[in-house]
Amino acid sequence: DAMVIQNPRYQVTQFGKPVTLSCSQTLNHNVMYWYQQKSSQAPKLLFHYYDKDFNNEADTPDNFQSRRPNTSFCFLDIRSPGLGDAAMYLCATSRDHTGVGNEQFFGPGTRLTVL
Amino acid sequence: AQKITQTQPGMFVQEKEAVTLDCTYDTSDPSYGLFWYKQPSSGEMIFLIYQGSYDQQNATEGRYSLNFQKARKSANLVISASQLGDSAMYFCAMREGLGGGGADGLTFGKGTHLIIQP
Chain A
1 DAMVIQNPRY
11 QVTQFGKPVT
21 LSCSQTLNHN
31 VMYWYQQKSS
41 QAPKLLFHYY
51 DKDFNNEADT
61 PDNFQSRRPN
71 TSFCFLDIRS
81 PGLGDAAMYL
91 CATSRDHTGV
101 GNEQFFGPGT
111 RLTVL
Chain B
1 AQKITQTQPG
11 MFVQEKEAVT
21 LDCTYDTSDP
31 SYGLFWYKQP
41 SSGEMIFLIY
51 QGSYDQQNAT
61 EGRYSLNFQK
71 ARKSANLVIS
81 ASQLGDSAMY
91 FCAMREGLGG
101 GGADGLTFGK
111 GTHLIIQP
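Here is the structure:
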């Protein structure tokens, strides 16, 4: 089945130690998104890629970076995680960038714990 | 101002009853899409239903229907004949057309925690 895969499902890191979260997709979608969802809160968009074109949200901290080496993979790098970065990180894809009706397909998420 | 408002933090409903989850939205863009997602305790976001701003009819998908009242900027989710497996967080989300150009990601409401009781 075509899907969005996130690894690992659970990640524990230490305060200040860089961490990378991975997302892959078999849907061959052009757009990939990263959302941050803190406990009992709504998901919040961090950034997205349309093909190789990177689009950062204005209020996304510089501590968060992303890479998309090819259509299938997208990475979220947190350069110096703080306690406030503990959250569920959701990766999503959509077929296209234009059109308000393009459904987003979500992965299962990676739950990040910062010690 | 919040773009998506869900006023019900939590709801308890008896199994087999119908349930309505409220969602109001705020946008000045004439082109927008409204989505409902279900998020079980495992964390994945499951797409339920979509309504476009130009759609004339309310969307339906199996037991899910969307009560779209454009003038009131309301997009309530109706679940008929609720089941125990419907217990989850439910998020209303919007994607704006940004004046006809490319659309960014979804803006989510704070969610409603629905618990179905036997």
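Protein chains in written order, with our numbering: chain A, 1 to 115; chain B, 1 to 118. Just so you know, even glycine gets a beta-carbon here, dropped at the ideal spot from N, CA and C.
May I have the straight-line CA-CA distance separating residue i from residue j, to the nearest angstrom?
{"i": "Thr7/B", "j": "Thr20/B", "result": "12 Å"}
{"i": "Gln2/B", "j": "Asp26/B", "result": "7 Å"}
{"i": "Thr25/A", "j": "Arg72/B", "result": "Correcting the residue type first, residue 25/A is Gln in the shown sequence and not Thr. If I take the Cα positions, the gap works out to 38 Å."}
{"i": "Thr13/A", "j": "Gln65/A", "result": "17 Å"}
{"i": "Arg79/A", "j": "Asn30/A", "result": "26 Å"}
Quick one: what's got a C-beta closer than 8 Å to residue i's C-beta in the same chain, skipping five residues either side?
{"i": "Cys23/B", "result": "Ile4, Thr5, Gln6, Leu34, Trp36, Ser74, Ala75, Asn76, Leu77, Cys92 and Gly109"}
{"i": "Gln37/A", "result": "Pro43, Lys44, Ala87, Met88, Tyr89, Leu90 and Gly109"}
{"i": "Arg9/A", "result": "Pro108, Gly109, Thr110 and Arg111"}
Which two residues bound the contiguous beta strand (DSSP E) that contains residue i?
{"i": "Ala71/B", "result": "Looking at the DSSP string, Ala71/B is not in any beta strand (DSSP E), and its letter there is neither H nor E."}
{"i": "Thr112/B", "result": "Thr112 to Gln117"}
{"i": "Val114/A", "result": "Thr110 to Val114"}
{"i": "Gln51/B", "result": "Ile46 to Gly52"}
{"i": "Leu34/B", "result": "Tyr32 to Gln39"}
{"i": "Gly107/A", "result": "Counting along the chain, Gly107/A falls outside any beta strand (DSSP E), and DSSP gives it neither H nor E."}
So is the beta-carbon of residue i under 7 Å away from any non-hydrogen atom of the ligand HEM?
{"i": "Asp51/A", "result": "This structure lacks the ligand HEM, and indeed carries no ligand of any kind."}
Among the residues of its own chain, which have a CB less than 7 Å from the CB of residue i, if the five just before and after it don't count?
{"i": "Leu83/A", "result": "Phe15 and Val114"}
{"i": "Gln83/B", "result": "Glu15 and Ile116"}
{"i": "Asn56/A", "result": "Phe47"}
{"i": "Asn63/A", "result": "Ile78, Arg79 and Ser80"}
Cα-Cα, which of the options is closest to residue i?
{"i": "Ser72/A", "options": "Val19/A, Leu27/A and Asn7/A", "result": "Leu27/A"}
{"i": "Lys38/B", "options": "Arg95/B, Pro118/B, Gly97/B and Tyr64/B", "result": "Tyr64/B"}
{"i": "Gln11/A", "options": "Val4/A, Ile5/A, Met3/A and Thr20/A", "result": "Thr20/A"}
{"i": "Met89/B", "options": "Gln56/B, Gln69/B and Glu44/B", "result": "Glu44/B"}
{"i": "Asp51/A", "options": "Asp96/A, Tyr35/A, Pro61/A and Ser39/A", "result": "Asp96/A"}
Identify, in the order they occur along the chain, each residue of the same chain with its Cβ nearer than 6 Å to the Cβ of residue i, setting aside the five sequence neighbours on each side.
{"i": "Tyr33/A", "result": "His48 and Ala92"}
{"i": "Leu106/B", "result": "Ala93 and Arg95"}
request  = Could you tell me which uninterrupted alpha helix (DSSP H) segments, each at least 4 residues in length, are contained entirely in the segment 14 to 87 of chain A, listed from first to last along the chain?
outcome  = Here no run is fully enclosed.
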